[in-house]
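*Asks:* In numbering that gives the first Met the number 0, the protein residues as written are 0 to 513. Here a beta-carbon is modelled for each residue, glycine too, at the ideal position from N, C-alpha and C.
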Amino acid sequence: MCVMCFLKFDFLAMSSTMERLHNRRNSLQNSRLSFILDTSMQYAISLFLAIWCVLVGTLSTIAAEPGFESIFNGHDLNGWAGAVDDYEVIDGSIVCKQGRGGVLFTEAIYDDFVVKLEFKVPPGGNNGLAIRYPGSGRASYDGMCELQVLDDGAEKYGKLDPRQYHGSVYGMAAAKRGYLKPVGEWNSQTVTVIGPRIQVELNGVLIVDADVDQITEYKDDRPHPGKALRRGHFGFAGHNDPVLFRNLEIKRLPAPQESSLPQGLLFHADFDHDFIAKTQQGYEQIQSAATLDRKEVQLGEQIPEVSLVKDGRLGGAVKFSSKSQQVLFYSAAQLGYRPKDWSGTISVWMKLDPDADLEPGYCDPIQFTPRAWNDACFFVDFDKDLPRAFRLGVFPDIKSWNPRNVAWDDIASAARPMITVERPDFSSESWTHVCMTWEHANSEQAGLAKLYLNGKLQGSLRRSMHFTWSADEVSKHAALMLGIYYVGLMDDLRVYDHSLSEAEIRRLASAVSD
């Protein structure tokens with residue numbers, strides 16, 4: 000029953016009771032019991048009013064929405080831990096004492112949750128919401144994150160990093176500004192935390208929607224080691240100012256029912272029984288060519304050095320027994336190229352000892368382009384020198400990254416659009432999961448590419464990424480090529496229509512079956 004309905008019901012009930020008692024009193028006005036009844040009536044009315052006020056007051060302060068539970072009783076800090084001596088309760092609100100600070104946190108631990116609260120900042124006030132706090136250390140770095148609570152309009156905060164203003168995931172993701180109420184007024188805020196994703200709604204407006212697993216750039220280049228936490232306490236990170244919090248409600252969310260593998264699959268070749276790949280439009284046959292320019296093409300696998308074997312990572316696998324000048328490839332027409340804001344992921348398993356198995360020269364296990372390795376191309380390769388490094392190349396249109404056509408050997412390593420992993424974790428005794436992701440290619444903002452080995456991020460590259468593949472190139476020339484000069488095993492090749500999160504990539508790296 001809502002509070003207003005309860006108030007209406009009890010007011011009518013009280014009025015009816017008063018009327019009955021009043022009539023009873025009149026009927027006995029001249030009785031010897033008149034004085035006793037008069038006194039009893041006054042006592043009954045007073046008692047009813049007292050109970051009614053207590054019930055209404057209780058409902059108005061601690062009643063929570065369905066599924067939510069109150070985490071603050073409005074009177075004391077029972078159920079809270081940490082810096083309890085640095086906080087106090089004033090007029091039904093939790094307040095950080097002036098000049099004091101520290102993290103005050105719930106005794107309870109939460110995984111995924113939604114928390115609702117109201118807060119009021121004094122002029123220049125500063126505090127924070129501790130999300131999945133481990134119980135010690137700094138909320139902003141040792142916890143999953145700290146959500147800033149701040150008087151944005153204060154003059155002293157005029158030159159902050161955008162990731163320091165109110166609602167921001169401190170040091171990691173900036174919030175939209177302009178939705179705080181004037182200083183001294185109460186604001187309402189809802190925070191939803193599911194896995195690595197955080198949403199912040201301020202006064203009815205969504206100001207943050209961030210996946211911390213995707214964040215690789217931080218304020219002052221200072222990493223946040225706690226951002227991977229998936230459970231912890233909820234609390235407040237005080238910074239000397241008397242910021243007020245009240246009406247705190249939290250709802251635990253059930254663990255998401257994740258599919259065994261990520262969604263958005265465009266292409267999948269499992270190599271269990273054949274080379275035929277499943278795509279969103281149907282099935283795709285592999286093709287063979289005598290040379291990398293792919294001018295003489297044959298349908299199907301026509302290379303003696305390539306065969307299917309049973310002992311794959313997930314079923315069967317492709318075996319490249321020796322270096323070949325020929326090339327295997329799939330048409331890229333169905334692999335999700337977009338002329339604007341293109342994102343994607345390529346995932347594959349490899350098994351080899353690069354230093355022992357590969358023959359002299361470069362080796363590109365995967366290459367994805369309509370042109371050449373240095374012109375509008377993604378690739379992973381092993382360097383030609385021992386010990387062999389493993390690299391992700393993200394080469395936009397050559398006119399954009401190398402407009403003067405400088406010779407490769409004359410380009411400084413730092414200027415090459417590559418991620419390099421020295422002494423990578425490959426072995427002929429075990430499988431290695433390789434995953435490359437890219438996002439915001441062909442957009443006004445800088446693109447971002449990442450390389451993962453066995454679910455662990457090896458490096459990232461942020462730069463302008465313009466891959467202006469023409470319609471003719473996409474339909475006729477673009478290709479996903481496999482095993483260029485490669486010697487080893489390869490299994491379970493996948494292409495996705497978006498940049499997978501780190502959590503999704505870890506799921507791929509730990510997959511045991513389809």
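1. Would you kindly work out how many angstroms separate the C-alpha atoms of A288 and A478, rounded to a whole number?
2. Under DSSP, the beta strand (DSSP E) around S287 begins and ends at which residues?
3. Less than 8 Å between the beta carbons of P241 and K339, yes or no?
4. With DSSP collapsed to three states, give me the class of E154.
5. In this structure, does DSSP put S412 in helix, strand or coil?
6. Per DSSP, which residues does Q297 bridge with? Please list them.
7. With a Cβ-Cβ cutoff of 8 Å, do V199 and L265 count as a contact?
8. Using a threshold of 7 Å, is the CB atom of G263 nearer than that to any non-hydrogen atom of the ligand FMN?
9. Rank I504, R422, Y485 and L492 by C-alpha distance to the C-alpha of T436 and give the top, closest one.
10. Going by other Cβ atoms of all chains shown within 10 Å of its Cβ, with 16 needed for buried, is T278 buried or exposed?
11. Can F378 and I397 be called in contact, C-beta distance under 8 Å?
12. Taking the alpha-carbon positions, what's the D271 to D471 distance?
13. Assign T105 to one of two classes, buried (16 or more other C-beta atoms within 10 Å of its C-beta) or exposed (fewer than that).
14. Assuming H165 and A174 form a contact by the criterion Cβ under 8 Å, report the distance between their Cβ atoms to the nearest whole angstrom.
15. Cα separation between P303 and T290?
16. For G152, which residues from the same chain have a beta carbon less than 8 Å from its beta carbon, with the 5 sequence-adjacent residues on both sides left out?
17. Quick check on DSSP: helix, strand or coil for K318?
18. Could you give the DSSP three-state label for P364: helix, strand or coil?
19. For N246, which option in E68, K309, L260 and Y282 has the closest C-alpha, if you only look at C-alpha atoms?
20. Let's test the definition: count the other Cβ atoms within 10 Å of the Cβ of H74 and tell me whether it reaches 16, buried, or not, exposed.
21. Going by beta-carbon coordinates alone, are D212 and E501 separated by less than 8 Å?
22. Rounded to the nearest angstrom, what separates R162 and A209 at their Cα positions?
23. Excluding the five sequence neighbours on either side, which residues of its own chain have a C-beta within less than 8 Å of the C-beta of H497, listed in chain order?
24. Quick check on the burial criterion: 16 or more other C-beta atoms within 10 angstroms. Buried or exposed for R131?
25. In the DSSP assignment, find the unbroken alpha helix (DSSP H) run with I504 in it and report its ends.
26. D271 by DSSP, collapsed to three states: which one?
27. Given that a residue counts as buried once 16 or more other Cβ atoms are within 10 Å of its Cβ, and exposed if not, what is P222?
28. With a CB to CB cut of under 8 Å and the five nearest residues on each side skipped, what residues in its chain are close to V473?
29. Using the Cα positions of L6 and L205, report the straight-line distance between them to the nearest angstrom.
30. Where L260 and G124 are concerned, what is the direct C-alpha to C-alpha distance, given to the nearest angstrom?
31. Across the segment 399-407 and the segment 422-437, are there enough close Cβ pairs to call them in contact, namely three or more that are closer than 8 Å?
*Replies:* Working from what's here:
1. Straight-line Cα distance between these residues: approximately 11 Å.
2. Where S287 is concerned, the enclosing beta strand (DSSP E) starts and stops at Q286 to A288.
3. The criterion of a C-beta distance shorter than 8 Å is not satisfied by P241 and K339.
4. The answer is helix: DSSP assigns E154 an H, G or I state.
5. Correct three-state label for S412: helix.
6. According to DSSP, which records beta bridges pairwise, Q297 is partnered with S287.
7. Using a Cβ distance threshold of 8 Å, V199 and L265 do not count as a contacting pair.
8. In the structure shown, the ligand FMN is absent, as is every other ligand, since no ligand is present at all.
9. Considering only I504, R422, Y485 and L492, the residue with the shortest C-alpha distance to T436 is I504.
10. Residue environment: T278 is assigned as buried (16 or more neighbouring CB atoms within 10 Å of its CB, all protein chains considered).
11. The answer is no: Cβ separation not under 8 Å.
12. Each residue's alpha carbon lies about 32 Å from the other.
13. With 16 or more other CB atoms across the displayed protein chains lying within 10 angstroms of its CB, T105 is buried.
14. Confirmed, about 6 Å.
15. Going by the C-alpha atoms only, they are around 14 Å apart.
16. Excluding positions up to five away in sequence, the list reads L179 and V182.
17. It is a strand residue.
18. Note: P364 maps to strand in three-state DSSP.
19. Nearest C-alpha to N246: E68.
20. Exposed, since its Cβ has fewer than 16 Cβ neighbours within 10 Å.
21. Yes, the pair counts as a contact, with Cβ atoms nearer than the cut-off.
22. Cα to Cα, the separation comes out at about 12 Å.
23. For H497, where only same-chain residues beyond five positions count, the Cβ hits under 8 Å are G263, S342, G343, T344 and E438.
24. A buried status is given to R131, since no fewer than 16 other beta-carbon atoms sit within 10 Å of its beta-carbon.
25. Element bounds for I504: E501 to A508.
26. Per DSSP, reduced to three states, the secondary structure at D271 is coil, with no helix or strand assignment.
27. Within a 10 Å sphere around the beta-carbon of P222 sit fewer than 16 other beta-carbons, which makes this residue exposed.
28. By the criterion of a C-beta distance shorter than 8 Å, V473 is surrounded in its chain by A331, A332, Y336 and P369, once the five residues flanking it on both sides are discounted.
29. Its pLDDT being 34, under 50, L6 is placed unreliably in this model, and the coordinates cannot settle the point.
30. When rounded, the distance between both Cα atoms is 45 Å.
31. Output reads no: the segment 422-437 does not touch the segment 399-407.
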